[in-house]
Each structure stands twice: as structure tokens, then as C-alpha cells.
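Note sheet for the following structure.
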Amino acid sequence: MSASGSARAIVAALLANAGIAAAKFVGFLITGSSSMLAESVHSLADTSNQGLLLWGQRQARKDADHLHPFGYGRSRYFYSFVVALVLFSLGAMFALYEGYHKISHPEPLSSPIVAVAILVVAIGLEGFSFYTAVKESRPLKGTGSWWRFIRTSRNPELPVVLLEDTGALIGLVLALGGVGLSMLTGDPVWDGIGTAAIGVLLGIIAVVLMVEMKSLLIGEGATVDETGSIRSALEQTAHIDRVIHLRTQYLGPEEMLVGVKVALAPTTDLETVATTIDAAEVAIRAAVPNARIIYIEPDLYRG
Numbered sequence: 091m092s093a094s095g096s097a098r099a100i101v102a103a104l105l106a107n108a109g110i111a112a113a114k115f116v117g118f119l120i121t122g123s124s125s126m127l128a129e130s131v132h133s134l135a136d137t138s139n140q141g142l143l144l145w146g147q148r149q150a151r152k153d154a155d156h157l158h159p160f161g162y163g164r165s166r167y168f169y170s171f172v173v174a175l176v177l178f179s180l181g182a183m184f185a186l187y188e189g190y191h192k193i194s195h196p197e198p199l200s201s202p203i204v205a206v207a208i209l210v211v212a213i214g215l216e217g218f219s220f221y222t223a224v225k226e227s228r229p230l231k232g233t234g235s236w237w238r239f240i241r242t243s244r245n246p247e248l249p250v251v252l253l254e255d256t257g258a259l260i261g262l263v264l265a266l267g268g269v270g271l272s273m274l275t276g277d278p279v280w281d282g283i284g285t286a287a288i289g290v291l292l293g294i295i296a297v298v299l300m301v302e303m304k305s306l307l308i309g310e311g312a313t314v315d316e317t318g319s320i321r322s323a324l325e326q327t328a329h330i331d332r333v334i335h336l337r338t339q340y341l342g343p344e345e346m347l348v349g350v351k352v353a354l355a356p357t358t359d360l361e362t363v364a365t366t367i368d369a370a371e372v373a374i375r376a377a378v379p380n381a382r383i384i385y386i387e388p389d390l391y392r393g
């Protein structure tokens, strides 16, 4: 999927989270609910995150230069990693602090029905954002599970938005549960428990994102299927006897570097070598369109 598909999911999430953050903060001012405050900060952090993801996509479109001869594609990985840090520091830590404070010093809620109404509306808006992310991710997901998609995708933004929206929906349910139990029992400590639960949830999501984005940032190769397709394309190219070794690395979500050494017959003339290399590049790009930069080294197989 191109960056435009990711951008649609990011913009949908940004608009939803900006509106939700404002509504939640108004709800907090009216009710004094710590769950609402934690969710307000959560949505504000998510809105900032989407801004960072869009900025990363813009930076990645810069042309290659002398300092970065392979371009700036990894900017998308870097800003996605920053998003995971922001989600953890601004979202999880604040929610855990607020939850601890409210559990230690519970305060009664005022107009809790307002908080419930805002949370229900927020669930609807987050559901729209989540639906958009799922719709844009489905072509990349294939037949595998969503967890496998998050673990193996070379596109950083869609897994980030998917996990953010999933966390937001679960967090809203937790906040709704905390406020609802406080209303039913008359004990405001449930609001603090809901807030702490939101903090734990955000922390788990942030750690998962940091692990995945770090792996992309330091460089991941082609998937197993892509490697098999590249190897098959090479082996079916005329005059190539075998693939001696193959190395790949993603320079960005839609740009892969391929370095390969192939064995040709000892009697192959120079013109045939050049023709074979050109044909191999065409075959590789036909099999794996993301293979943009290809280096092929002809050699003799020595066992």
C-alpha cells in the first residue's frame, strides 16, 4: 500500500482524536472524573502522535542527497518510534499517576451522567477511526491474523494507528466502567481504578510499538514470501545457474534494497553477463515491486 493509504487512516484518526480530546476535557471540567482527565490526555497524545506520523511521511519524501544516498524513507520508522515514546510518557505515566492519586484520595464525581454521554459519543468516533484503519490495512494483511500483520508489516503507520485505536476503544470502555461503577456504588475509588487500568493498557501498547518500530528502524529484510519470490525470479532467469547469496533490507515501507551474488557459467561473455543482469532486475521488480534498488554481482560458483 502507498503512503496515501496510510495518510487516510492517520487523518481520520487525527480528526477523531482532536474532537474527542476536546469533548473529554470539557467532561473532566464538568465532572472532575480522573478517568475523563486520563482519557483527555490520552486523546491529546494520540492527536499529537498522528501529527508526528504525517510529518514523518513528509520527511520521507525528501530526495536522496550526498549525506543520505538511499533517501529518507526511514524517517517514517523514526517518527513512528517517537510516537511509541510519546504514547508511553504522556499517556501511560500520566494515567498511572492520576489513578494512584484518585485511589489514594478519592473525590466524588459531579454530573457523572455527562461523562457517560461523552464517553459513549467518543466510542462512536473512535470506532469510525478504527474502521478506517482496518479498511486501509486489509489489502496488506492478506489472510493472516491481525497480530501477524502488526508483527510483520513494513508499513509503520498502519500498525501504530491500529494499536492506538484499539487501545483507545478499550480505554474508553475502562473509563466508562470506572465512571459507571462509581455512579452505581457511590464509591469514587472505582474511577481511580479505571484510570490506573488505562495507564497499564497504554503502557503495554507503547512497549509493543517500541519493540516493533525499533526493529524496523535498525533495518528489517524482506518477508519470507518476498525472499522466496526474489530467489525464484533469479533462478528462472536465463544464464543464471544458482543464487550464491541474497541480502535484502527495507530502506522505507515501499523501498527495498536487494544485494545478490549469482553464479554464471565460466564461459559466459561480457555482453551476455550484462543482458542477464538487466533481465534479472526486471524479473525481481516484477515479482516484488518494492525492490527498487538492486545490486547484482555475477560470479563463479566454487562450491
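Going by the working numbering, the letters in the sequence shown line up with residues 91 to 393, in that order. For glycine and all other residues, C-beta sits at the position ideal for the given N, C-alpha and C.
Does residue i come out as helix, strand or coil in the three-state DSSP assignment?
i	result
L390	coil
K304	helix
A108	helix
Y162	coil
A381	strand
I148	A small fix is needed here, since residue 148 is Arg in this sequence, not Ile. Helix, per DSSP.
G309	coil
D136	helix
S92	Confidence is the limiting factor: at S92 the pLDDT is only 48, short of 50, which leaves the residue's position unreliable, though a coordinate-based value still follows. Here S92 sits in coil by DSSP.
G276	coil
A154	coil
S123	coil
Along the beta strand (DSSP E) that carries residue i, what are the first and last residues, could you check?
i	result
A353	E345 to L354
Going by beta-carbon coordinates alone, are residue i and residue j separated by less than 9 angstroms?
i	j	result
G381	T285	The amino acid occupying residue 381 in the given sequence is Ala; Gly does not appear at that position. No, these two residues do not count as a Cβ contact at 9 angstroms.
M346	V378	yes
H132	G342	no
G289	L177	no
T338	A373	no
G109	L215	yes
Y123	S272	Per the sequence shown, the amino acid found at residue 123 is Ser instead of Tyr. Taking 9 angstroms as the Cβ cut-off, S123 and S272 qualify as a contacting pair.
A113	V211	yes
S201	T121	yes
T317	L299	no
Tell me the DSSP bridge mates of residue i?
i	result
R337	G349
R321	For R321, which the question treats as bridged, DSSP gives no partner whatsoever.
I330	L354
G342	E345
Which residue marks the beginning of the alpha helix (DSSP H) containing residue i, and which one marks its end?
i	result
R375	L360 to A377
Quick one: complete alpha helix (DSSP H) runs, 4+ long, within the stretch 192-268?
Qualifying alpha helix (DSSP H) stretches, in chain order: 202-231 and 236-242.
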